[in-house]
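Chains as they are written, first to last, in the working numbering: chain A, 1 to 209; chain B, 1001 to 1317.
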């Protein structure tokens, strides 16, 4: 990819790879914290995990679809950056209104299976779907030829899934031992915001050149 | 030439056979070892199943039948045991430590037990207080089934089980304004600690179920940083509590009350009156007042557990 410098600068390649790693890291960290967040209202029964994983898979799948579609129109780092910033904003209700939302659903839905499913949809669907858009869009930003597309996709899957693996490990082994859930979530929001801005700035700079 | 070649071939053959022999010996010793592990002290496995949450094992030796939630034969892994010839006698100190709460409040009208296990506590309380309503919250219906099949646990008009998560049950009971004058938290002795049942918010929900003279009793941990974290959390919600510890057990029992705790003298003076009733369980209650201490024996700087911060399993390492 780097060989074809006419469309992709080396900087952009690096940025996209790092950002893909970050998004992978954060998606799994949030999924893991999801269990912790829901437990006070819906318990830690197996179906609570079922709800969370279902919603994450569902929202990612829809995110992939939308991200792929969006990548058809003039792919640029600005839109790419706005996925990150958008995800950060969409995570805010989880941090600041999570308990109120869970309380409301807890009071309305007696069965903790459906309660946890509805709450997972409300809290996680939008931010995760937007984070799902990052993956196909990253591919588009880095692919310069049909021939190399599989290679690029492979590299991106590798780096973002590696991020997911580390996000899971770091969160479950250490972060929950050191920090409160909301502290972790807010930090992740900030990281996503910074990532988004860096992408947008890189886009503007790219235009200058 | 020929002979030496023959020797080499023979040597190779011998080596080959030898290797096979080693493998066979290894395999046999492995089988014997494994069998030995299982048959340790003549323990028989009379039931084994994998539920949604855990492995459930029922073992029996010549003296007692036990419920286990893990395969490993480390000692102290039994959830619940009963003697075959004296089913009422309490095998574990923690059960006796729990009963010492009767020195604080001895007429519970309605009891909630979180975590059924082999049903020891529920059986014991229903023998002591036949007219008292006992509600049990147990997450795993397989445990309820095994307790019924192998430990004579029975649901009656006084004893009922709600299968589901204890936290959810307690939250709903609180919303309905239900009251229990004794809440027993006995869900913490497995390999995995339910972290949402250890937090300040949870204990506040438990507190909401307690009437004026209500009491909470928790069978929990006495080692690791978790001991301190948990103690500080209980202290935060209930104030001073009785910490009951006994030598030779990794458990400790917390007894917290909505009323001010009686002093040592009062505990001692109450013991003789209930001594006889508790003898059937193989315990002498007069030995317990001295174990009931309000002394702080832990690091008070350890962070309390909240819904935001509850790495109980990590702290227990």
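Cβ coordinates follow ideal geometry from the N, Cα and C atoms, glycine included.
- Boundaries for residue 1123(B): no beta strand (DSSP E) harbours it, while the alpha helix (DSSP H) harbouring it runs 1120 to 1128, taken from the DSSP string.
- Three or more Cβ pairs drawn from the region 1209 to 1217 of chain B and the region 1165 to 1185 of chain B lie within less than 8 Å of each other, which places the two stretches in contact.
- By DSSP's assignment, residue 1253(B) forms a beta bridge with 1219(B) and 1244(B).
- At a C-beta separation below 7 Å, residue 177(A) has these neighbours in chain B: 1311 and 1314.
- Within chain A, the residues whose beta carbon sits less than 9 Å from that of residue 1052(B) are 45 and 46, listed in sequence order.
- The C-beta of residue 1105(B) comes no closer than 8 Å to any C-beta of chain A.
- For residue 91(A), the enclosing alpha helix (DSSP H) stretches over residues 77 to 96.
- Around the C-beta of residue 1188(B), 16 or more other C-beta atoms lie within 10 Å, and the residue is accordingly described as buried.
- At a cut-off of 8 Å between beta carbons, residue 181(A) contacts chain B.
- The three-state reading of DSSP puts residue 1283(B) in coil, since its state is none of H, G, I, E or B.
- The closest CA to that of residue 1078(B), considering only 1241(B), 1060(B), 1084(B) and 1290(B), is found on 1060(B).
- Look at residue 1134(B) here: in three-state DSSP terms it is strand.
- The shortest C-alpha to C-alpha distance from residue 1249(B) to any of 1051(B), 1017(B), 1088(B) and 1093(B) is the one to 1093(B).
- Residue 108(A) is classed as exposed because its beta carbon has fewer than 16 other beta carbons within 10 Å across all chains shown.
- By the CB criterion at 8 Å, residue 1050(B) and residue 1064(B) fall outside the cutoff.
- Contacts with chain B at 8 Å (Cβ-Cβ) include residue 39(A).
- With fewer than 16 other Cβ atoms inside 10 Å of its own Cβ, residue 1045(B) counts as exposed.
- Listed by position along chain A, the residues whose Cβ is nearer than 9 Å to that of residue 1167(B) are 39, 40, 41, 42, 43 and 44.
- In the structure shown, the three-state DSSP call for residue 1296(B) is coil.
- For residue 1307(B), the chain A residues whose Cβ falls inside 7 Å of its Cβ are 40, in order along the chain.
- Per DSSP, the unbroken beta strand (DSSP E) holding residue 1067(B) starts and ends at 1064 to 1068.
- Between the alpha carbons of residue 127(A) and residue 87(A) lies a distance of about 5 Å.
- Beyond the five residues adjoining it in sequence on each side, residue 161(A) comes within less than 8 Å, by CB distance, of 24 in the same chain, given in chain order.
- Residues of the region 1130 to 1158 of chain B with a Cβ closer than 8 Å to any Cβ of chain A, in chain order: 1139.
- When DSSP states are grouped into helix, strand and coil, residue 1080(B) belongs to the strand group.
- In the three-state scheme derived from DSSP, where H, G and I count as helix and E and B as strand, residue 1306(B) is classed as coil.
- In terms of Cβ geometry, residue 45(A) and residue 1139(B) form a close pair [threshold 8 Å].
- Closest option to residue 1086(B), judged by alpha-carbon separation, among 1204(B), 1116(B), 1100(B) and 1279(B): 1279(B).
- Take the alpha-carbon of residue 1112(B) and the one of residue 1126(B): they are about 12 Å apart.
- Counting the other CB atoms within 10 Å of its CB gives residue 1296(B) a total below 16, which places it among the exposed residues.
- Per the C-alpha coordinates, the member of 1123(B), 1108(B), 1216(B) and 1102(B) positioned closest to residue 1088(B) is 1123(B).
- Taking C-beta separations shorter than 7 Å and ignoring five residues to either side along the sequence, the partners of residue 1237(B) in its chain run 1200, 1203, 1204 and 1207, following chain order.
- Taking a contact as a CB-CB distance under 8 Å, the pair residue 1221(B) and residue 1316(B) counts as one, their CB atoms being some 6 Å apart.
- Within the same chain, and ignoring the five residues on either side of residue 1268(B) in sequence, the residues whose Cβ sits closer than 7 Å to its Cβ are 1289.
- Pairing residue 1253(B) with residue 1275(B), the inter-Cα distance amounts to about 20 Å.
- Shown here for residue 1146(B): same chain residues with a beta carbon closer than 6 Å to its own, the five before and five after excluded, namely 1056 in chain order.
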